[in-house]
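Residues 929 to 1575 (the working numbering) are what the sequence shown spells out, left to right.
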Amino acid sequence: MVRKLGGRDNPLAAAGFFSKLCLCWLNPLLNLSQKRMLEENDMYNILPEDQSETVGEELQRLWDCESKKATKELKKPSLSRVLLRCYGKAYAMTGLFVFSLEAIKVFQPLLLWNIIHYFENYDPEDQKGLTMAYVYASALSLSAFGLTILQHLYYYTVLRLGMKIRVALCHMIYRKALALSSESMGLTTTGQIVNLLANDVNHFDEITLELHYLWLGPLQALVIIILLWYEVGLSCLAGLGAIVIMLPLQTWFGKLFGIFRSKSATLADKRIRIMNEVLSGIRIIKMYAWEKPFSALVTEVRRKEISQIMKSSYLRGLNMASFFASSKIIVFVTFTVYVLLGNAITASTVFVTVSLYGTIKLTVTLFFPLAVERLSETAVSIRRIKNFLLLGEVKSRNTWHPLDETKTSEGLIKMENVTCFWDKCMDAPSLRNISITVGPQQLLAVIGPVGAGKSSLLSAILGELPHDSGILQAKGRVTYAAQQPWVFPGTIRSNILFGRELNPNKYETVLKACALKRDLDLLPSGDLTLIGDRGATLSGGQKARVNLARAVYEDADIYLLDDPLSAVDAEVGKHLFEQCICGLLKDKCRILVTHQLQHLRAANHILLLQEGHIVTQGTYRDFQRSGLDVASLMRSDDGAGQILTNS
């Protein structure tokens, strides 16, 4: 849902032709800005066709089609082709604006030539010539007015189109970041994602301005050379030679811009990643007085990044210097050759030649080089964004083998000989030949030493860990309480509701089951207390209970609980197990990973994992009769497993 900034409808939606042509629909906002400082509510609502959901979903749909087609043809998808398919027609239409714009610029020197020619051959008796002079002067004035209108329309149209491309790509990047699998998260960094959103997508705002000049520049140069040939004859070839020398130089500059951009973007990713790590661990860094070593580390990466930026800046300076110098050199060379060939310089020849070269100067020596530069930088950004979009995602549960929906409407999980790999390069699988069945009103307790594959089992059910073989069947909505509690800056209530509608009775029941009532009573603002960044105002146990309460309030069919009792004391842990896991959630399908073996008696089924495979499974009595020394298998539990044999 798109949030509206205010109650003001966008006047562009109902604007007429003249209003759009002269941008008059903005006048009320500009008049208001003269009376007082503009506020957020003064802004107009976004047009439906400009909303991020609209433009993002359209580009995402085309990207998905391109990805499927490329998979069938055994090749990589092309993000450039998708952008062209989505925005190519609209951008081609803007080419009419810029073509008309540059055509007027070429037409103006011809009008000027006719006016000057009239005064050079002035005849008081020539009324027809006087009339034509007025016509040429009027046409020159009207062309200047039309040039202004077309120029503003062109910039408005292409900047709006560039904004749409940027917003659509941001939409896709955010969506991809939320869907990345655990394996893919290891192939990228937060710094890279931030850099894509902060820097790479902004190049599309710039490239749309100059891209048309890649074809318009040479075309306009050809037309002007023909006109110059008509005006100064063979001398124009000298100026043409100077221009020809400039073009390979601009191409070389474009390649260097691409190289420097690629290197600086990589270093920026590394710098942002290091800064995120430093800020995350700033407390430890301060405690151990490691400020100087880490500051030196960040400074060194920043120095390398600035070095690449400086090289790019020097190159940009040379590019601009060539722009300012080339026009003077071209005119000088042309008239030098013109005089040496025995021609006399006239006012009309000078004014027209300088005007034509002034027109070609902006197009060929400024806009064309900028287009080459932007194209090189944008190509790097497209490649970086495409590589990010090609990272693996969490497998959708819709791709699993679904169970028969008609049999039951409650949660159910079934795994048959499932083998999973976090990394195919590893010899040993993360899970090997796992077979379990968990139905509604059942609690499966998963135990095992550290690194046995307990969390990997939950990741496989979530779709985070792709299974290499076997069948994984699941039905129902899944909620997951991670071993490391996750909270976000905001109130305790917002962390529990997580966007859901508040149901007071249900909310109170969840708070009691998760042992949060007493804690909230002690807080000055109750559940409206702000918990700060990463839950700084809450203890580890409180964060674990808020994390669990969020999962319980979701009212899902399947609950995956990754050791939620480890961060709380024995009394609270007993309350959570009895009142929440075995109480409020008793009718749900539950998988509980735990190291607290005293709770196993209440489990319907127990699964003992070691090194990714099942050592044994069964009921609590089955474990007692087996005589298995669970304590030796769970060394990290300090003999807690003896409870099985002592009971």
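Glycine is no exception: its CB is placed at the ideal position from the N, C-alpha and C atoms.
Everything numeric in this text was worked out from a predicted model, so none of it was measured.
Restricting attention to His1045, Asp1490 and Tyr1435, the CA atom closest to the CA of Ala1410 is found in Asp1490. In this structure, Leu1535 and Ile1364 form a Cβ contact; the two beta carbons are roughly 6 Å apart against a cut-off of 8 Å. Boundaries for Ser1467: no alpha helix (DSSP H) harbours it, and the DSSP string shows neither H nor E there.
For Ser1397, the secondary structure class from DSSP, reduced to helix, strand or coil, is strand.
Under DSSP, Gly1546 takes part in a beta bridge, and its partners are Ile1534. A Cβ-Cβ contact shorter than 8 Å links His1395 with Val1346. Contact between Val1322 and Ser1109 holds, since their C-beta atoms are separated by about 5 Å, short of 8 Å.
Beta-bridge pairing by DSSP links Ile1273 to no other residue. By the C-beta density criterion, Gly1463 is buried, having at least 16 other C-beta atoms within 10 angstroms. When the beta-carbon positions are compared, Gly1074 and Ile1043 stay at least 8 Å from each other. About 5 Å separates the Cβ atoms of Trp953 and Leu940, confirming a contact at the 8 Å cut-off. A buried status is given to Asn1247, since no fewer than 16 other beta-carbon atoms sit within 10 Å of its beta-carbon. Burial state of Pro1146 is exposed, judged by a 10 Å Cβ sphere holding fewer than 16 other Cβ atoms. In the structure shown, Tyr1408 adopts extended strand secondary structure according to DSSP, grouped into three states. With a minimum length of 4 residues, the unbroken runs of alpha helix (DSSP H) contained wholly in the segment 1059-1116 fall at 1110-1113. At the C-beta level, Thr1306 and Ile1135 come within 8 Å of one another. Separation of the CB atoms of Pro956 and Leu1284 is rounded to 43 Å, and the pair is thereby denied contact status at 8 Å. Boundaries of the alpha helix (DSSP H) harbouring Val1151: Tyr1141 to Val1160, taken from the DSSP string. By alpha-carbon distance to Leu1425, the top candidate from Val1480, Leu1400 and Ile1234 is Val1480.
In the structure shown, Ala1443 adopts coil according to DSSP, grouped into three states. With respect to Leu1156, Gly1167 sits close: the two C-beta atoms are nearer than 8 Å. In this structure, Val1160 lies near Tyr1266, with their beta-carbon atoms less than 8 Å apart.
Note on geometry: alpha-carbon atoms of Ala1217 and Thr1227 lie some 17 Å from one another. For Asn1123, the enclosing alpha helix (DSSP H) covers residues Thr1118 to Ala1126. By the criterion of a C-beta distance shorter than 8 Å, Cys1510 is surrounded in its chain by Leu1371 and Ala1530, once the five residues flanking it on both sides are discounted.
Where Asn1315 is concerned, the enclosing alpha helix (DSSP H) starts and stops at Phe1296 to Leu1317. The beta carbons of Leu1225 and Ile1210 sit no closer together than 8 Å. Cβ-Cβ distances below 8 Å link Leu1243 to Phe1181, Leu1184, Phe1185 and Phe1188 in the same chain, with the five nearest sequence neighbours on each side left out; the list follows chain order. The alpha-carbon of Arg1103 is positioned some 10 Å away from that of Leu1097. The alpha carbon of Lys1434 has as its nearest neighbour, out of Glu1499, Leu1513 and Arg1405, the alpha carbon of Leu1513. A buried status is given to Glu1301, since no fewer than 16 other beta-carbon atoms sit within 10 Å of its beta-carbon. Rounded to the nearest whole angstrom, the CA to CA distance from Lys1516 to Leu1195 is 49 Å. Taking a cut-off of 8 Å for Cβ pairs, the segment 1498-1506 and the segment 1435-1455 touch, as three or more such pairs fall below it.
C-alpha of Tyr1548 to C-alpha of Asn1532: approximately 8 Å in a straight line.
Inclusion of Leu1144 and Glu1030 in the CB contact set at 8 Å is warranted, their separation being smaller than that value.
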